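A.B. asks: Please find one structure pasted underneath; my questions will follow.
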């Protein structure tokens with residue numbers, strides 16, 4: 021078993037899926053000869069050739085349209101957008117076609133596509149390279165939104181996304197592309213989508229997060245554990261559909277919850293989780309649900325970028341604030 | 068001497084501008100240590116050192132544009148004796164080619180025909196092919212296992228069990244150190260041998276003797292035993308006889324259920340006045356003594372064959388102690404007259420004896436009243452079961468906070484829920500209510 025990074029996990033899953041299923045094709049800007057802006061598709065062009073790993077013009081609307089069209093005709097396209105900001109022109113195809121094909125044809129057709137792209141900030145890239153638009157996609161019916169946070173989940177969830185008969189938006193937290201390595205076997209085993217991953221067990225407080233914020237959240241959990249607090253950490257992993265049951269069951273035990281997201285607070289996924297807890301779990305809460313989020317501003321350029329990103333300190337402070345409520 | 072040529076920092080860009088050197092000439096650096104911060108068209112990138120050794124020379128300062136593939140820095144690496152022979156893959160370009168006094172000029176203007184080709188992918192990998200400043204760590208992730216339903220699982224297997232609606236508590240682990248594997252969960256899902264139970268209580272088993280009478284002093288309900296109508300996939304599960312303490316419990320509970328006319332009263336004691344760290348068990352025992360002082364008829368034995376009773380003057384309390392082997396009721400002597408220290412010492416001694424199975428038989432009988440503190444686990448009220456010849460038992464549920472009206476406003480107070488079961492054959496409802504009232508009054512005191 022190889023020790024690989026998160027982005028290696030993506031690459032390994034892509035190669036595996038292409039080997040297993042000749043219907044899987046890949047395209048996007050520079051995904052072929054160049055191997056992708058972050059090298060996620062490195063080596064695939066050499067291995068699978070021009071017809072299956074396709075360099076496209078700089079035309080996101082076309083990429084999205086091709087993806088939907090191919091998927092409707094039995095091909096399994098995996099399209100790359102170079103950065104999260106470049107997905108905005110694709111939204112019409114995703115929302116109005118990919119997400120609705122099954123419903124519109126009354127189940128006669130489906131749209132087995134994956135749109136994958138790096139998202140999130142903290143790497144000193146321009147602002148429209150650094151955003152976290154998961155809430156935008158999560159608001160679209162019929163579209164699944166998946167964000168891995170470890171090499172093994174990148175591999176297993178990517179395989180599940182490609183094999184799924186319906187459209188999946190696969191957001192890759194690029195800040196942690198190379199953060200840590202993990203032993204991952206290239207065994208073709210997919211991991212379940214639509215369920216949360218409980219990374220740590222605890223009884224005093226539940227920290228809920230996803231994507232690159234898993235890093236800061238685990239560091240905050242370490243600090244809280246040193247204070248003697250027993251912390252449960254949940255990686256949501258699939259943003260839509262959202263597995264509220266795991267979160268509610270956890271908060272029924274702990275009575276306290278902080279949700280951490282990199283995206284701005286307003287109308288974010290953290291708000292949806294807080295609302296879900298208010299709906300189904302409020303009688304178990306000992307304290308208000310806290311959201312530690314980015315601010316409601318355009319992603320700052322890199323001099324101010326780290327002031328925007330939720331820090332370990334902000335997470336620990338929010339946790340301590342509600343731990344003090346008896 | 069080793070020469071480090073500027074790698075392609077991400078998108079086949081022809082050049083990058085030095086923002087800042089993060090080390091100085093002459094510094095010792097280690098491999099992967101951030102060396103220089105470079106700005107490309109898309110981002111500022113920290114370039115890590117490809118070597119461990121001493122930085123001998125920079126090929127440019129802040130503001131200078133370096134062409135991809137041109138020398139960026141030179142290193143003296145340990146064991147590298149041949150100082151003149153450059154061991155880099157390409158010959159270093161001239162400084163003039165690498166340096167620029169006009170960083171804003173398009174880099175192509177400086178390209179010379181002799182400029183070496185961009186380095187191959189092996190070198191790019193070595194120096195971090197990144198767009199932006201990526202956090203790269205050598206740390207190897209080993210995700211923690213957690214314990215769910217008494218078995219160990221990784222986050223991925225736990226998620227799989229949720230997806231496949233498999234109850235982990237019923238899966239037999241086959242992994243190393245008793246860890247449940249993904250294969251275990253898939254097998255259980257295919258066989259249907261460990262379905263997640265709906266949250267509603269299970270329907271009654273059809274054969275009455277298949278289920279013991281409810282034991283009041285236990286925590287959560289025991290796992291349902293295999294019922295006669297179990298699914299075929301459960302064929303490997305065998306009926307087993309109850310032994311030892313569990314058999315004694317079953318017999319005692321059935322006996323009680325046949326004979327005692329049990330009635331249960333429930334109320335809360337407000338313990339807002341308590342100091343932090345108050346000894347809950349001691350206070351409950353003392354409150355029992357206070358209750359018996361008000362209504363001695365509950366601290367009594369009843370012999371239903373002779374139709375006689377003894378109202379005790381002293382109080383020995385039968386304390387329920389939960390163990391893996393089943394329920395023990397252990398006797399605490401002299402609760403009516405013991406000091407706080409005496410009683411706490413007695414509790415600890417008895418619990419220890421029960422756990423070690425070293426308790427003398429006389430300490431398992433002849434108590435005059437019973438107490439169950441099941442609230443250390445979960446549960447608010449209960450209908451605890453009186454063990455004849457005793458005529459009453461008090462059970463304390465889990466402590467909780469509750470909003471209470473105080474002087475026209477509200478406050479949040481701590482509460483102990485109490486459940487008193489008494490044998491209505493010898494105790495009246497009024498006696499029981501007054502007993503409970505005296506207990507609550509005693510528990511409400513600060514000390």
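Residue numbers (the numbering used here), protein chains in the order written: chain W, 21 to 346; chain R, 68 to 514.
Every residue gets a Cβ at the ideal spot worked out from N, C-alpha and C, and that includes glycine.
Given the structure is predicted, the values throughout are model-derived calculations rather than measurements.
1. Would a C-beta distance cut-off of 8 Å place residue 122(W) and residue 129(W) closer than the cut-off?
2. So, with DSSP's three-state summary, where would you put residue 281(W)?
3. From this set, 456(R), 420(R), 120(R), which residue's C-alpha is nearest residue 437(R)'s C-alpha?
4. Between which residues of its own chain and residue 172(R) is the CB-CB distance below 7 Å, once the five residues before and five after are set aside?
5. Going by C-alpha to C-alpha distance, which of 90(R), 254(R), 111(R) sits closest to residue 147(W)?
6. Going by other Cβ atoms of all chains shown within 10 Å of its Cβ, with 16 needed for buried, is residue 72(R) buried or exposed?
7. What did DSSP end up calling residue 74(W) once you bin it into helix, strand or coil?
8. For the region 226-241 of chain R, list every residue whose C-beta sits within 7 Å of some C-beta in chain W, in sequence order.
9. What number of angstroms, rounded off, separates the C-alpha of residue 378(R) from the C-alpha of residue 365(R)?
10. Residues of chain R with CB closer than 8 Å to the CB of residue 168(W), please, in chain order.
11. Which one of 109(W), 98(W), 162(W) has the shortest CA to CA distance from residue 126(W)?
12. By how many angstroms is the C-alpha of residue 127(R) removed from the C-alpha of residue 113(R)?
13. Hey, could you find the ends of the beta strand (DSSP E) residue 380(R) is sitting in?
14. Can at least three beta-carbon pairs, one atom from the region 397-411 of chain R and one from the region 380-388 of chain R, be found at a separation below 8 Å?
15. Taking Cβ-Cβ distances below 9 Å as the criterion, which residues of the region 189-202 of chain W are in contact with chain R?
16. Would you say residue 214(W) lies against chain R (beta-carbon separation less than 8 Å)?
17. Going along the region 116-145 of chain W in order, which residues come within less than 7 Å of chain R, judged by CB to CB distance?
18. Can you name, in chain order, every residue of its own chain whose Cβ lies under 6 Å from the Cβ of residue 172(W), other than the five neighbours on each side?
19. From which residue to which residue does the beta strand (DSSP E) around residue 217(W) run?
20. Which class does residue 515(R) belong to by DSSP, given the choice of helix, strand or coil?
21. Just to make sure I have the definition right: I need the residues of chain R whose C-beta is within less than 9 Å of the C-beta of residue 331(W). Which are they?
22. Is the CB-CB distance between residue 493(R) and residue 367(R) below 8 Å?
23. Spell out whether any CB of chain R is found under 8 Å from the CB atom of residue 273(W).
24. Since I believe residue 225(R) is in contact with residue 218(W) (beta carbons under 8 Å), could you give me their beta-carbon distance rounded to a whole number of angstroms?
25. Please state whether DSSP places residue 486(R) in a helix, a strand or coil.
26. How big is the Cα-Cα spacing for residue 263(W) and residue 257(W)?
27. Can you tell me the Cα-Cα spacing of residue 320(W) and residue 142(W), whole angstroms?
28. If we ignore side chains and look at the alpha-carbon of each, how far apart do residue 107(R) and residue 135(R) end up?
29. Going by DSSP in three states, residue 321(W) sits in which element: helix, strand or coil?
30. Between the region 281-295 of chain W and the region 309-319 of chain W, can you find at least three pairs of beta-carbon atoms closer than 8 Å?
31. Of the residues that make up the region 465-493 of chain R, which ones have a beta carbon closer than 9 Å to any beta carbon in chain W?
32. Is residue 36(W) close to chain R? Criterion is C-beta to C-beta, closer than 8 Å.
33. Using the Cα positions of residue 231(R) and residue 144(R), report the straight-line distance between them to the nearest angstrom.
C.D. replies: Reading it off the structure:
1. Taking the first chain and counting its residues from 1, one reaches residue 122(W) at position 102. Taking the first chain and counting its residues from 1, one reaches residue 129(W) at position 109. Cβ distance < 8 Å, so residue 122(W) and residue 129(W) count as in contact.
2. By 1-based counting over the first chain, the position of residue 281(W) is 261. If DSSP states are grouped into helix, strand and coil, residue 281(W) belongs with the strands.
3. Along the second chain, one-based indexing puts residue 437(R) at 370. Comparing Cα positions, the closest option is 456(R).
4. Along the second chain, one-based indexing puts residue 172(R) at 105. The predicted model places residue 172(R) with a pLDDT of 36, which falls under 50 and marks its position as unreliable; any figure quoted below should be read in that light. Exclusion of the five residues before and after residue 172(R) leaves no residue of its chain whose Cβ lies closer than 7 Å to its Cβ.
5. As a working note, residue 147(W) is residue 127 in the first chain. Minimum Cα distance to residue 147(W) is reached at 111(R).
6. Residue mapping note: residue 72(R) aligns to position 5 of the second chain, counting from 1. By the neighbour-count rule (16 or more Cβ atoms within 10 Å), residue 72(R) is buried.
7. On the first chain, position 54 is the one that residue 74(W) refers to. Strand, per DSSP.
8. Within the region 226-241 of chain R, the qualifying residues are 226, 227, 229, 230.
9. Along the second chain, one-based indexing puts residue 378(R) at 311. Along the second chain, one-based indexing puts residue 365(R) at 298. Each residue's CA atom was taken as its position, placing residue 378(R) and residue 365(R) some 8 Å apart.
10. By 1-based counting over the first chain, the position of residue 168(W) is 148. Those within 8 Å of residue 168(W) in chain R number zero; the least Cβ separation is about 11 Å.
11. As a first step, residue 126(W) must be located in the first chain, where it is residue number 106. It is 162(W) whose Cα lies nearest to the Cα of residue 126(W).
12. Residue numbering aside, residue 113(R) sits at position 46 when the second chain is read from its first letter. Residue numbering aside, residue 127(R) sits at position 60 when the second chain is read from its first letter. Answer to the nearest angstrom: the Cα atoms are 16 Å apart.
13. Residue 380(R) sits at position 313 when you count from the first residue of the second chain. Segment: none, residue 380(R) is in no beta strand (DSSP E) and carries neither H nor E.
14. Because the criterion of three Cβ pairs below 8 Å is met, the region 397-411 of chain R and the region 380-388 of chain R touch.
15. 194, 195, 196, 197, 198, 199, 200, 201, 202
16. As a working mapping, residue 214(W) is identified with position 194 in the first chain. Yes, its Cβ sits closer than 8 Å to a Cβ of chain R.
17. Listed by position along the chain: 143, 144, 145.
18. For the purposes of this step, residue 172(W) is identified with residue 152 of the first chain, where counting begins at 1. Within the same chain, residue 172(W) has close Cβ partners 202, 204.
19. On the first chain, position 197 is the one that residue 217(W) refers to. Where residue 217(W) is concerned, the enclosing beta strand (DSSP E) stretches over 217-220.
20. No information on residue 515(R) is available, as it lies outside the stretch 68 to 514 that chain R covers here.
21. Locating residue 331(W) in the first chain gives position 311, counting from the first residue. Per Cβ cutoff of 9 Å: no residues; residue 331(W) is ~14 Å from chain R at best.
22. Along the second chain, one-based indexing puts residue 493(R) at 426. Along the second chain, one-based indexing puts residue 367(R) at 300. Yes, Cβ-Cβ distance for residue 493(R) and residue 367(R) is below 8 Å.
23. What you label residue 273(W) is simply residue 253 of the first chain in a count that begins at 1. Chain R, which has no Cβ nearer than 8 Å to the Cβ of residue 273(W), makes this no.
24. By 1-based counting over the first chain, the position of residue 218(W) is 198. By 1-based counting over the second chain, the position of residue 225(R) is 158. That belief holds up - the Cβ atoms of residue 218(W) and residue 225(R) are roughly 6 Å apart, short of 8 Å.
25. Indexing the second chain from 1 puts residue 486(R) at position 419. In the structure shown, residue 486(R) sits in a strand (DSSP, three-state: E or B).
26. Position 243 of the first chain holds residue 263(W). Position 237 of the first chain holds residue 257(W). Approximately 9 Å, taken between the alpha carbons.
27. The residue given as residue 320(W) occupies position 300 in the first chain. The residue given as residue 142(W) occupies position 122 in the first chain. Straight-line Cα distance between these residues: approximately 10 Å.
28. Taking the second chain and counting its residues from 1, one reaches residue 107(R) at position 40. Taking the second chain and counting its residues from 1, one reaches residue 135(R) at position 68. Rounded to the nearest whole angstrom, the C-alpha separation of residue 107(R) and residue 135(R) is 11 Å.
29. As a first step, residue 321(W) must be located in the first chain, where it is residue number 301. In the structure shown, residue 321(W) sits in coil (DSSP, three-state: anything other than H, G, I, E or B).
30. yes
31. 468, 479
32. Against the first chain, residue 36(W) aligns to sequence position 16. So no, residue 36(W) is outside the interface.
33. Along the second chain, read from residue 1 onward, the residue named residue 231(R) stands at position 164. Along the second chain, read from residue 1 onward, the residue named residue 144(R) stands at position 77. Answer to the nearest angstrom: the Cα atoms are 56 Å apart.
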